[in-house]
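K.L.:
Attaching a single structure in structure tokens format; questions to follow.
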Amino acid sequence: MNMLYSLPLLIGVAEGGGASGGAASMAPTMITFGLVFAIFYFLIIRPQSKRQKKTQDMLKSLKKGDRVQTIGGIRGTIFSMKEETVVLKVDDHCKIQFARSAVAQVLDKSNESSSNEVALNEK
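For the sequence shown, our numbering begins at 947 and goes up steadily by one.
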């Protein structure tokens, strides 16, 4: 019988109804939730939004003649473009139409900049 009287003390309820310390115990919980949100923001949300912005900028800067690779791994040269689609010239007689969002990366940007640097250094 003595054990039943001490049960509220074992589960952390203060004597006198358990209402005392309610606001004080809420502060560490809120701080913990805030820290967890901050960690999620800086480790997951922010890098993903940066990646998304970089991809959108790359898709907007596409132009005719760029060598690109699609998300399926097909490489080709942009033959023509519309608002939402891109036609890639894969071979001499093969042209394939893709959604603009299917372009994963532009392949020749780094080669163009390095060849421009070489040309500038030769002058």
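The beta-carbon is built from N, C-alpha and C at its ideal position, and this holds for glycine as well.
As the structure is a computational prediction, the values presented were derived from the model and not from experiment.
1) Measure the alpha-carbon distance for residue 1012 versus residue 1043 and round it to whole angstroms.
2) Consult DSSP for residue 1007 and reduce its assignment to one of helix, strand or coil.
3) Thinking just about the alpha-carbon of each residue, which of 1037, 1026, 1039, 1048 is nearest to the one in residue 1019?
4) As a quick exercise: from 1000, 995, 988, pick the residue whose alpha carbon is nearest that of residue 1050.
5) Assuming residue 1022 is part of the beta strand (DSSP E), what are its boundary residues?
6) Kindly indicate which three-state DSSP category residue 1053 falls into: helix, strand or coil?
7) Any idea what DSSP makes of residue 1017, helix, strand or coil?
8) Ordered along the chain, which non-local residues of its own chain (more than five positions away) have a Cβ less than 6 Å from that of residue 1033?
9) Assuming residue 1016 and residue 1035 make a contact with CB atoms under 8 Å, what is their CB distance in whole Å?
10) To the nearest angstrom, report how far apart residue 995 and residue 976 are at their CA atoms.
P.N.:
If we stick to the structure as given:
1) Reading the sequence shown from its first residue, position 66 is the one you call residue 1012. Reading the sequence shown from its first residue, position 97 is the one you call residue 1043. Cα to Cα, the separation comes out at about 15 Å.
2) Mapped onto the sequence shown, residue 1007 falls at position 61. Three-state DSSP puts residue 1007 in coil, outside helix and strand.
3) For the purposes of this step, residue 1019 is identified with residue 73 of the sequence shown, where counting begins at 1. Of the candidates 1037, 1026, 1039, 1048, the one whose C-alpha sits nearest the C-alpha of residue 1019 is 1048.
4) On the sequence shown, residue 1050 is found 104 positions in, with the first residue counted as 1. Of the candidates 1000, 995, 988, 1000 places its Cα closest to the Cα of residue 1050.
5) Position 76 of the sequence shown, counted from the start, is the residue given in the question as residue 1022. Start and end: 1021-1027.
6) Position 107 of the sequence shown holds residue 1053. If DSSP states are grouped into helix, strand and coil, residue 1053 belongs with coil.
7) Stepping through the sequence shown from its first residue, residue 1017 is reached at position 71. Reduced to three states, the DSSP call for residue 1017 is coil.
8) Stepping through the sequence shown from its first residue, residue 1033 is reached at position 87. So the list reads 1025, 1026, 1041, 1043, once near-sequence residues are dropped.
9) As a working mapping, residue 1016 is identified with position 70 in the sequence shown. As a working mapping, residue 1035 is identified with position 89 in the sequence shown. Not a contact, Cβ separation roughly 13 Å.
10) For this step, residue 995 is matched to residue 49 along the sequence shown. For this step, residue 976 is matched to residue 30 along the sequence shown. If I take the Cα positions, the gap works out to 26 Å.
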